[in-house]
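For reference, the structure is listed below as structure tokens.
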Amino acid sequence: MSRKGQAQATGTRSTNADDYQCVPRALAAMPKDFAPGSEILPHRHERAQLIHATAGTMRVATDDSVWVVPPQRALWMPAGVTHSIAMLGEVRMRTLYLRNDAAAFMPRECRVLPVSGLLRELIVRATELPLHYDEAGPAGHVVALILAELSGLQSLPLQLPMPRDARLRAICQALLETPGDARPLEAWAGTANLSTRTLARQFQSQTGLSFGAWRQQARVLEAMGRLGSGEPVTRVALELGYESVSAFSAMFRRAAGTAPSRYRSRPSIGDKPFVA
Numbered sequence: 001m002s003r004k005g006q007a008q009a010t011g012t013r014s015t016n017a018d019d020y021q022c023v024p025r026a027l028a029a030m031p032k033d034f035a036p037g038s039e040i041l042p043h044r045h046e047r048a049q050l051i052h053a054t055a056g057t058m059r060v061a062t063d064d065s066v067w068v069v070p071p072q073r074a075l076w077m078p079a080g081v082t083h084s085i086a087m088l089g090e091v092r093m094r095t096l097y098l099r100n101d102a103a104a105f106m107p108r109e110c111r112v113l114p115v116s117g118l119l120r121e122l123i124v125r126a127t128e129l130p131l132h133y134d135e136a137g138p139a140g141h142v143v144a145l146i147l148a149e150l151s152g153l154q155s156l157p158l159q160l161p162m163p164r165d166a167r168l169r170a171i172c173q174a175l176l177e178t179p180g181d182a183r184p185l186e187a188w189a190g191t192a193n194l195s196t197r198t199l200a201r202q203f204q205s206q207t208g209l210s211f212g213a214w215r216q217q218a219r220v221l222e223a224m225g226r227l228g229s230g231e232p233v234t235r236v237a238l239e240l241g242y243e244s245v246s247a248f249s250a251m252f253r254r255a256a257g258t259a260p261s262r263y264r265s266r267p268s269i270g271d272k273p274f275v276a
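Reminder that position 178 of the sequence shown reads as 178 in the UniProt record's numbering, one-by-one numbering, no gaps.
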């Protein structure tokens with residue numbers, strides 16, 4: 001697996017994902033810290049995984065979709081799905097790799113899942129267990145509780161579909177990098193050497209969303225990531241191109257079902273500080 005940027009090993013535990021694919025246990029947990037701007041290039045795993053960060057926000061991409069994953073969320077990634085991960089700041093990634101039989105009850109497609117305080121602390125504890133933990137002892141009970149927690153989770157509609165056409169994907173990538181870019185559809189059509197009508201039609205056809213709806217969803221996901229990392233609401237609103245905090249708050253409440261101030265992360269215990 002190729003990586004760009006800087007990753008920080010956590011303790012003496014391996015940070016090579018390959019070492020977790022054949023462990024003869026239902027679950028194996030890998031802790032790894034990443035510096036801002038780090039990127040895990042496209043890859044896939046033999047085991048399914050729950051991608052979670054106790055701090056920091058990740059952007060995970062597959063061939064057809066993008067997800068922004070803040071600390072209150074995790075992304076379920078089935079086995080064999082090619083994906084890449086970009087770190088949108090300092091990230092303390094805590095990944096669970098599940099054996100196929102243990103993951104049989106989980107979704108067959110990528111899904112965003114909520115992470116409660118209990119599940120978060122269980123994930124952190126799992127990274128401290130021996131890889132060959134005693135299945136009949138306390139460690140086995142921790143793993144059983146993690147699986148029980150996962151089985152009751154409802155997925156969240158936070159997927160951002162990506163178009164197939166290379167010109168449209170370039171526009172989407174640009175908006176993911178600068179979600180506050182307010183250029184109208186006509187301007188983007190010019191950059192892709194397409195007519196406005198053609199761009200609008202192809203965007204709807206390939207993503208199921210209009211250009212405006214896609215851009216708003218991208219902004220919502222970006223806002224969730226930034227707020228989940230603790231950024232102030234005012235800064236997020238202005239940097240995403242909104243003229244006022246009230247306009248941003250109204251949009252966010254409609255999309256997320258809660259005020260942005262309530263979505264911001266709060267300090268929590270159970271994990272060590274990031275070390276670069």
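Think of the CB as a built atom: it goes at the ideal place given N, C-alpha and C, for glycine as much as any other residue. Just so we're clear, the structure is a prediction, and the values are computed from it rather than from any experiment.
Nearest in C-alpha terms to Ser155, of all of Thr54, Cys22, Pro163, Leu50, is Leu50. A direct Cα-Cα distance of roughly 30 Å separates Ala182 from Cys110. In its own chain, leaving out the 5 sequence neighbours on each side, no residue places its CB closer than 6 Å to the CB of Asp63. In terms of CA proximity to Gln72, Arg120 leads the group Leu88, His45, Thr258, Arg120.
The way I'd put it, the segment 133-142 doesn't touch the segment 151-170; fewer than three beta-carbon pairs between them come closer than 8 Å. DSSP lists Ala74 as the beta-bridge partner residues of His52. Taking 8 Å as the upper bound for CB-CB distance, Arg92 and Thr54 are in contact here, some 5 Å apart. Its Cα nearest to that of Pro36, the residue Arg59 stands out among Arg59, Leu238, Met30. For His43, the enclosing beta strand (DSSP E) has its first and last residue at 39-43. Excluding sequence positions up to five before and after Glu231, its CB lies within less than 8 Å of the CB of Arg264, all in the same chain and listed in chain order.
Considered as a whole, the segment 102-170 harbours 111-114 as its complete beta strand (DSSP E) runs of no fewer than 3 residues, in chain order. Counting along the chain, Val220 sits inside the alpha helix (DSSP H) bounded by residues 211-228.
A straight-line Cα-Cα distance of about 23 Å links Trp76 and Cys172.
Taking C-alpha positions only, Val66 is separated from Leu153 by approximately 21 Å.
For Ala187, the uninterrupted alpha helix (DSSP H) run begins and ends at 185-191, by DSSP. Its chain contains Val236 as the residues whose beta carbon lies nearer than 6 Å to that of Arg226, once the 5 sequence neighbours on both sides are disregarded; these appear in chain order. According to DSSP, Ser65 shares a beta bridge with Pro161.
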